[in-house]
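Visitor:
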Amino acid sequence: MLCLTLALAPVSAHAAIVRLEMRPGIDASAEYLAGLRNKPAVLLLHGFLQTREFPTVATLARGLQDAGYPVLTPTLSLGIPNRAQSLACEAVHRHSLDEDVAEIARWVDWLKSHGHRSIVLIGHSFGSMQLLAYLAAGPSAAVKGYVGASLIEVQIGTTPRAALIAQLESRVQRRQRDLVTQHVSYCRKYRSTPEALLSYVRWDQARTLAALRQSPVNVKLVMGDADDMLGHGWLKALQHLQTPMAIVKGANHFMDGEHEFDLLEHTLKSMEPAQPPLPR
518 MLCLTLALAP VSAHAAIVRL EMRPGIDASA EYLAGLRNKP AVLLLHGFLQ TREFPTVATL
578 ARGLQDAGYP VLTPTLSLGI PNRAQSLACE AVHRHSLDED VAEIARWVDW LKSHGHRSIV
638 LIGHSFGSMQ LLAYLAAGPS AAVKGYVGAS LIEVQIGTTP RAALIAQLES RVQRRQRDLV
698 TQHVSYCRKY RSTPEALLSY VRWDQARTLA ALRQSPVNVK LVMGDADDML GHGWLKALQH
758 LQTPMAIVKG ANHFMDGEHE FDLLEHTLKS MEPAQPPLPR
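So the sequence shown is numbered by my numbering: it starts at 518 and just counts up by one.
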């Protein structure tokens, strides 16, 4: 049975902490910001190893609530019970993308169980990719749209990806559980099991683009043209895909400073009543 428990004391009159049992021994939490019942609910997901308190996510969540939207901001457990802090690169990472996707699905179900029949997924950075992975696995019919801010693929530095995937697949087949150290995202020494690492490494640019192209719901991207964390040629590849995209001039990966307002504005424009997915 899933454990669905609102915290005894709400954060404010319009916010509460929700705790949910993801799997035996692993609880996770989210902040629920109440909004108008006639507006779609937002599931807003943080980036790589972060929490819902990350400034880009927390600021966007408050802006969406101010506009009347109910907002749920989970902190993915990453295998840590009741995780409330960002996870260090040097930690042992046994969590997998499959587990992340399962947790997203649980939070979608929580929103549905609390009366929300229209849900829009919004992610920042790595969280945008994780939400795409959820969509690729087959989303709930209640999910009507997706907005990806600063979307990136899983970056692995200069390591040849095909060789790394082959090496990890071989270790998995031989049931080798020794930790592997690999450059992942901004972590130069990310330590993980072969199976868990493989689940992320497979999400290269090509797979991320394919997930966008095949999305069962309408997608919208918000990208900064001063984002120095993007992979080579990534913006051009997204433009070639002809995915609806707003490019914010001068914005970095975190859409901070004055660009917080640009991110909110473009996100709100994407929250208009959902239409059937556009043909691609």
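All C-beta atoms in this analysis are idealised placements derived from N, C-alpha and C, irrespective of residue type, glycine included.
Since the structure is predicted, the reported quantities are computational estimates derived from the model, not experimental observations.
1) Report the residue from Asn555, Ala650, Trp751 whose alpha carbon sits nearest the alpha carbon of Gly632.
2) Nearest-angstrom Cα distance between Lys706 and Gln602?
3) What residue does the beta strand (DSSP E) around Ile636 start on, and which one ends it?
4) Any contact of the region 648-655 with the region 729-745, i.e. 3+ C-beta pairs under 8 Å?
5) The beta strand (DSSP E) with Ile534 in it runs from where to where?
6) Less than 8 Å between the CB atoms is what I'm expecting for Val588 and Leu595, so what's the real figure, rounded?
7) What does the Cβ neighbour count give for Arg540, buried or exposed, with the cut at 16 atoms within 10 Å?
8) By the 10 Å Cβ neighbour count, where 16 or more other Cβ atoms means buried, how is His799 classified, buried or exposed?
9) Suppose you measure from the CA of Ser630 to the CA of Glu789; what does that come to, to the nearest Å?
10) I need the straight-line Cα distance from Ile543 to Arg623, nearest angstrom please.
11) Give the DSSP bridge partners of Ser709, in chain order.
12) Note down, in chain order, each residue of its chain lying with its Cβ closer than 7 Å to the Cβ of Ala713, except the 5 sequence neighbours on either side.
13) Using the beta-carbon count (16 or more within 10 Å), is Ala768 buried or exposed?
14) How should Pro656 be labelled, buried or exposed, when 16 other C-beta atoms within 10 angstroms of its C-beta is the threshold for buried?
15) Can you find the residues in the same chain that come closer than 7 Å, C-beta to C-beta, to Gly564, ignoring five residues on each side of it along the sequence?
16) Would you kindly report the start and end of the unbroken alpha helix (DSSP H) that includes Asp544?
17) Give the C-beta separation of Gln672 and Gly741 to the nearest angstrom, bearing in mind that I take them to be a contact with Cβ-Cβ under 8 Å.
18) Does the contact criterion of 3 or more C-beta pairs under 8 Å hold for the region 672-690 versus the region 714-721?
Guide: Once the coordinates are examined:
1) Minimum Cα distance to Gly632 is reached at Asn555.
2) Computed Cα separation, rounded: 19 Å.
3) That run of the beta strand (DSSP E) goes 636-641.
4) In short, these stretches touch, since the Cβ pair count reaches three.
5) Element bounds for Ile534: 532-540.
6) Between Leu595 and Val588 the Cβ distance is about 21 Å, and since that is not below 8 Å, they are no contact.
7) In summary, Arg540 is exposed, with fewer than 16 beta-carbon neighbours lying within 10 Å of its beta-carbon over all protein chains present.
8) One cannot answer for residue 799 here, as it falls past the ends of the chain, which runs 518 to 797.
9) Answer to the nearest angstrom: the Cα atoms are 23 Å apart.
10) Each residue's Cα considered, the two are about 13 Å apart.
11) Paired residue(s): His610, Val697.
12) If we look at Ala713 and ignore the five residues flanking it on each side, its Cβ neighbours are His610, Arg611, His612, Ser613.
13) With 16 or more other Cβ atoms within 10 Å, it is buried.
14) Looking at its Cβ environment, which holds 16 or more other Cβ atoms inside 10 Å, Pro656 is buried.
15) Sequence-distant partners of Gly564 (beyond 5 residues in either direction) whose C-beta falls short of 7 Å from its own C-beta, in its chain, are Phe571, His641, Ser642, Phe643, Gly644.
16) Unbroken run through Asp544 is the beta strand (DSSP E), 543-550; no alpha helix (DSSP H).
17) Contact between Gln672 and Gly741 fails: their C-beta atoms lie close to 16 Å from each other, not under 8 Å.
18) The region 672-690 is in contact with the region 714-721.
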